[in-house]
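Peer 1: Dropping the structure in here first, questions after.
Number of protein chains: 2
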Amino acid sequence: MIENSLLAALPGAAYRRLLAGFEPVDLSFGEILYEPGQTISHVYFPGSSLVSLLTLADGHLALEVGLIGRDGMTGVPLVLGFKESAVRALVQGAGTASRMEAGVFMREFRRSPRLQRELYRYIHTLMAQISQTAACNRFHVVEQRLARWLLMTHDRVKADRFRMTHEFLGHMLGVRRVGVTKAAQALQQRKLISYSRGDITVLDRAGLEAATCPCYGIVKDMHDT
Amino acid sequence: MIENSLLAALPGAAYRRLLAGFEPVDLSFGEILYEPGQTISHVYFPGSSLVSLLTLADGHLALEVGLIGRDGMTGVPLVLGFKESAVRALVQGAGTASRMEAGVFMREFRRSPRLQRELYRYIHTLMAQISQTAACNRFHVVEQRLARWLLMTHDRVKADRFRMTHEFLGHMLGVRRVGVTKAAQALQQRKLISYSRGDITVLDRAGLEAATCPCYGIVKDMHDT
DNA sequence: GGGATTCCGTACGTTAGCGTACATACAGCG
DNA sequence: CGCTGTATGTACGCTAACGTACGGAATCCC
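Taken in order, these protein sequences are the chains called B and G.
Read in my numbering, the first sequence has 208 at position 208, and its numbers run on one by one without any break.
Read in my numbering, the second sequence has 446 at position 221, and its numbers run on one by one without any break.
Written as structure tokens, this is what we have:
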């Protein structure tokens with residue numbers, strides 16, 4: 001019933017203690033959980049939902065630096081002793097999550113060494129993911145990056161089909177809408193995906209993996225280790 | 226004598242305990258402290274030295290994601306429960322540092338809540354720095370990014386002059402050497418810097434701040450808060 | 001079912017940065 | 001003093017992506 005793998009990794013006792021404080025919620029597409037500089041009111045452990053961390057630049061431009069699914073959590077700054085987020089957290093895929101009020105969470109966190117260990121380790125993989133994404137955005141072309149992004153999403157939602165417009169993908173990848181359209185066309189012509197009006201279907205996962213840059217594998221291996 | 230601000234912030238008792246375990250070292254330009262996937266043998270708290278964190282892509286391309294001076298430390302993965310670094314740590318400015326063997330450090334770390342608090346907070350600012358750098362590398366032109374890089378270095382070495390070739394800067398900014406040369410020429414013509422054969426002098430700091438992107442100020446404010 | 005809205009296709013000139021190659025010039029060293 | 005390596009200047013064609021604009025088409029909503 002709690003589908004988040006960070007929580008699932010906890011031993012029975014700690015796990016049951018925590019459950020009491022959680023509130024199941026349904027996150028809807030486009031919802032903004034935090035803005036930069038804003039106080040973090042709740043932490044979220046996604047189940048079937050998907051949350052993007054976005055860095056903002058020059059007011060309007062956005063770039064995804066991290067992607068959080070059932071393998072992660074939002075509200076990392078709390079764990080590190082800060083009350084505010086440095087980035088925007090945006091619900092990118094509607095679905096379930098378990099949330100907890102920040103103060104309650106911090107009490108539980110301080111009480112459970114096992115939870116601390118899990119979350120610190122998670123933070124390391126998140127940092128590594130952010131670093132790799134930075135290099136990827138710098139060196140690889142849009143088509144490869146789009147393929148990577150679709151694969152990462154595919155991994156987390158565990159479905160071949162998800163809702164996602166080109167416009168939105170542009171904000172994630174930090175490129176124009178038209179740039180996404182061209183890359184998506186190329187992938188569609190190669191029969192790796194198909195799409196229509198905000199509805200994307202992964203047709204050939206292996207093909208996508210061949211079309212993307214090594215960054216995908218590098219980040220995935222880090223999560224699995 | 227220990228010039229690192231993370232250490233200087235510790236209260237007297239904890240501070241003196243720690244000092245015993247430190248070994249003062251001189252880091253020389255170009256030295257590689259860690260490679261990705263490699264076990265971390267020592268942690269380093271820079272004094273006058275400067276260490277870059279580089280993400281590698283496609284074997285040969287490099288991109289700086291973090292810059293560590295007297296306000297930081299290397300070996301963050303240890304603090305988060307990992308023994309290996311995910312990035313390359315390269316000495317970018319020769320100078321002093323205090324180092325400690327990984328095992329010794331971890332014992333001290335577990336023993337000192339105050340040290341834990343300091344370092345976790347540092348990790349948050351480092352993450353924010355990496356995120357902002359990612360967006361900066363995506364959206365801003367080389368000239369602005371070069372100005373930012375020079376300012377960040379200037380802040381940390383506390384000297385108007387430092388050694389740095391265009392080739393090397395290319396690896397930091399993830400661009401060709403020629404790209405750096407063009408950007409540096411532009412800054413020199415505007416009398417903001419002067420340079421010659423690996424020797425860069427900051428002439429007009431305020432001018433540089435006007436020439437760079439807002440990212441510089443954003444990251445700086447985070448460190449000061 | 002008509003109108004508005006959202007989403008995608010296409011097009012055109014512009015530009016930053018790429019890859020590469022070669023020329024110059026200073027610096028240290030024997 | 002000349003040699004050799006390292007650092008910087010310059011040049012040229014090329015391409016990915018930009019900014020912008022407009023048309024078509026599916027979907028939603030009264």
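Backbone N, C-alpha and C fix where the C-beta goes; we use that ideal spot for every residue, glycine too.
Since the model is a prediction, treat every value here as computed from it, not as a measurement.
Threshold first: 4 residues or longer. Then list the alpha helix (DSSP H) segments lying entirely within the region 304-345 of chain G, N to C.
Peer 2: 327-336
Peer 1: Among Ile130(B), Ala186(B), Ile2(B) and Leu10(B), whose alpha-carbon lies nearest the alpha-carbon of Glu23(B)?
Peer 2: Ile2(B)
Peer 1: Quick check: the Cα distance between Ala411(G) and Glu368(G), rounded to an integer number of angstroms?
Peer 2: Ala411(G) and Glu368(G): Cα-Cα distance of roughly 8 Å.
Peer 1: For Gln357(G), return the contacting residues in chain B, with the cut-off set at a CB-CB distance below 7 Å.
Peer 2: For Gln357(G), the residues of chain B that pass the 7 Å Cβ criterion are Thr55, in the order they occur in the chain.
Peer 1: Can you list, in chain order, the residues of the region 356-384 of chain G whose Cβ is nearer than 9 Å to any Cβ on chain B?
Peer 2: Ser356, Gln357, Thr358, Ala359, Ala360, Cys361, Asn362, Arg363, Phe364 and His365
Peer 1: In the structure shown, what three-state DSSP assignment does Asp251(G) receive?
Peer 2: strand
Peer 1: Please tell me whether Arg313(G) and Ile257(G) are closer than 8 Å, where the distance is taken between their beta carbons.
Peer 2: yes
Peer 1: Would the beta-carbon of Cys215(B) fall within 8 Å of that of Gln132(B)?
Peer 2: yes
Peer 1: Below 6 Å CB to CB, which residues in the same chain sit around Ile355(G) once its five sequence neighbours on both sides are set aside?
Peer 2: Val290 and Gly291
Peer 1: Below 9 Å on C-beta distance, what does Tyr441(G) contact in chain B?
Peer 2: Within 9 Å Cβ-Cβ: nothing; Tyr441(G) doesn't reach chain B, min ~12 Å.
Peer 1: Check whether the Cβ of Leu80(B) lies closer than 8 Å to any Cβ atom in chain G.
Peer 2: yes
Peer 1: Would you report the Cα separation of Asp296(G) and Asp446(G), rounded to the nearest angstrom?
Peer 2: 13 Å
Peer 1: Between the Cα of Gly320(G) and those of Leu275(G), Gly306(G), His391(G) and Ile265(G), spot the shortest distance and give me the residue it belongs to.
Peer 2: Answer by Cα proximity: Leu275(G).
Peer 1: In chain order, what residues of the region 12-39 of chain B put their CB closer than 8 Å to some CB of chain G?
Peer 2: none
Peer 1: Nearest chain G C-beta to Tyr120(B) closer than 8 Å, yes or no?
Peer 2: yes
Peer 1: Given a cut-off of 8 Å, decide if Glu101(B) and Leu18(B) are closer than it, judged by their beta-carbon atoms.
Peer 2: no
Peer 1: In angstroms with no decimal places, state the Cα-to-Cα distance between Cys213(B) and Ala9(B).
Peer 2: 31 Å
Peer 1: What separation, rounded to the nearest whole angstrom, lies between the Cα atoms of Val403(G) and His391(G)?
Peer 2: 8 Å
Peer 1: On the three-state DSSP scale, how would you describe Ile227(G)?
Peer 2: Of the three classes helix, strand and coil, the one that applies to Ile227(G) here is coil, per DSSP.
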